[in-house]
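One structure below.
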Amino acid sequence: MAEHHDDHGNTVAGWFLTISWIVVWLASAVAIIAGLNFLTCTLVGLGASVVCAVVAGVMKKAGLGRKAPRPRPMTREEYEAKLAQQTKNSEKATV
């Protein structure tokens, strides 16, 4: 089972970016369906997406994003060292 992190999916910057991208691309799709130029609508949507990503990055730097670095899985060496330590500790406990 995956570890639970309090900030997973619950940051202001993350929600801003998700919702803003949905709005931007929905507006682009509606404009294309309404008959506006496909390439223009796509480029405007792409440009707005980049701007929203930059704003979300600034929000993250301002403290509205992840509070701690993303956890990384243990390397094989770290796992084997931890397993050896646990085995060593369990042997001491049984003696």
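Numbered per UniProt numbering, the sequence shown finishes at 95, counting up by one with no gaps. All C-beta atoms, glycine included, are put in the ideal place defined by N, C-alpha and C.
Contact check, Val24 vs Met59, beta carbons under 8 Å: No, they are not a contact pair.
Alpha-carbon to alpha-carbon, Pro71 and Ala81: 19 Å
contact_flag[the segment 29-40, the segment 77-93] where n(CB pairs < 8 Å) is 3 or more: no
Rounded straight-line distance, which links the Cα of Ser90 to that of Trp15: Near 45 Å, if we compare the C-alpha coordinates of Ser90 and Trp15.
Residue closest to Gly65, alpha-carbon to alpha-carbon, out of Cys41, Pro73, Ala53, Lys92: Distance from the Cα of Gly65 is smallest, within the candidate group Cys41, Pro73, Ala53, Lys92, for Ala53.
Local Cβ density within 10 Å of Met1, reported as buried at 16 or more and exposed below that: Residue placement at Met1 cannot be trusted, given a pLDDT of 47 that sits under 50; the coordinates are not used to answer.
Arg72 - DSSP class collapsed to helix/strand/coil: coil
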